[in-house]
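**Q** Residue numbers (the UniProt record's numbering): 1 to 111.
#1: Which value, in whole angstroms, describes the spacing of the CA atoms of residue 98 and residue 78?
#2: Just how far apart, CA to CA, sit residue 107 and residue 95?
#3: Please list the segments of the beta strand (DSSP E) lying wholly inside the stretch 38-100, counting only runs of 3 or more residues, in order along the chain.
#4: Using a Cβ-Cβ cutoff of less than 8 angstroms, which residues in the same chain neighbour residue 103 once the five nearest sequence positions on both sides are dropped?
Below, the structure is given as structure tokens:
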């Protein structure tokens with residue numbers, strides 16, 4: 001029993017060392033499968049589901065943000081068009097006033 005336990009301990013350590021990037025945490029259960037060739041970590045499935053849900057949330061947020069940006073773009077485009085039309089009307093009114101002032105000046109010159 002002691003020999004098997006030390007072998008298991010060695011395997012766990014080796015597994016943990018080789019997969020540091022997988023971040024196997026203490027407290028997670030190691031299960032021997034078959035003859036103890038593989039050591040699995042319970043809780044990975046739940047973690048995978050959590051990550052997928054998080055990814056879905058982030059994608060939804062991105063989609064919403066993109067829609068809001070497009071909406072803002074449309075609104076600013078509309079505002080720009082309105083501003084342009086208002087400035088065109090203003091320019092037309094100013095030109096008309098200038099012409100009228102020119103006519104008045106000419107009349108004053110004749111009298």
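Glycine residues also receive a C-beta, built at the ideal position from the N, C-alpha and C atoms.
**A** This is what the structure holds:
#1: Working through the chain shown from its first residue, we reach residue 98 at position 98. Working through the chain shown from its first residue, we reach residue 78 at position 78. Those two C-alpha atoms are separated by around 30 angstroms.
#2: Working through the chain shown from its first residue, we reach residue 107 at position 107. Working through the chain shown from its first residue, we reach residue 95 at position 95. Their backbone Cα atoms lie some 18 angstroms apart in a straight line.
#3: 38-41
#4: The residue you call residue 103 lines up with position 103 of the chain shown. None.
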